[in-house]
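Letter by letter, the sequence shown follows residues -25 to -1, 1 to 126 of mature numbering (1 follows the signal peptide of the UniProt record, and there is no 0). The C-beta atom is built at its ideal place from N, Cα and C for all residues, glycine as well.
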Amino acid sequence: MMRSLLTALLAALTLLIASATPSVAKDPVYQSFLGGTAINGYDPVAYFDEGRPVEGSSAFTHDWNGATWRFSSAENRDRFAATPEAFAPQYGGYCAWAVSQGYTASTDPEAWKIVDGKLYLNYSKSVQAQWEGDIPSNIAKGDTNWPRVLD
């Protein structure tokens, strides 16, 4: 009897602690582990203008959506600041394939694609190849899952 009472008390205590602990939601923008820099410090505008990933500079930054974004030039920074939604990657810069599957993952700046004027990043080039296997379906699934995957 004492053992079952102790077990019940431990279970109740565990539930109480678990319910009192706030859940930790992920940031709305993928940021590097150290420093809070969006999309690994790469310039999101350069993907559109130069057709390639370009590292941003700490000399040209803009804070938006809870993250610090870096740019390769003042011009790119100013264009982003004027219309961030036009240049920011979809799903906050998290891996597009992962979001389509219902979770989040980091991204490789070299694994990217612009589809219908929107930037999508992926975890790696091999993951990107999977995502590209059915882009319309994967975007639709990602759109359905975003932003719930942050919870």
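Within the model, the alpha-carbon separation for residue 48 versus residue 35 is close to 6 Å. Three or more beta-carbon pairs separated by less than 8 Å are not found between the stretch 82 to 89 and the stretch 41 to 55, which leaves the two stretches without contact. Sequence-distant Cβ neighbours of residue 40 in its own chain, meaning closer than 6 Å and more than five residues away, are 3 and 4.
Apart from sequence neighbours up to five positions away, the residues of its chain that approach residue 20 with a beta-carbon distance below 7 Å are 46, 51, 54, 55 and 62, ordered along the chain.
Ranking 99, 105, 98 and 64 by CA distance to the CA of residue 118 puts 64 first.
Distance from the CA of residue 37 to the CA of residue 44, rounded to the nearest whole angstrom, comes to 5 Å. Pairing residue 89 with residue 122, the inter-Cα distance amounts to about 20 Å.
Residue 29 is positioned such that its CB atom lies no closer than 8 Å to that of residue 77. Pairing residue 113 with residue 73 gives a Cβ-Cβ distance that is not under 8 Å. Residue environment for residue 126: exposed (fewer than 16 other C-beta atoms within 10 angstroms of its C-beta). Taking the Cα positions, residue 106 is about 21 Å away from residue 15. Counting along the chain, no beta strand (DSSP E) covers residue 110; the unbroken alpha helix (DSSP H) around it starts and ends at 110 to 120. Taking a C-beta distance under 8 Å as the contact criterion, residue 66 and residue 80 do not qualify as a contact pair. Shortest Cα-Cα distance from residue 31 to any of 110, 18, 25 and 12 involves 18. In the DSSP assignment, residue 87 is bridged to 96. Nearest neighbour of residue 120 by Cα position, chosen from 91, 75, 57 and 93, turns out to be 75.
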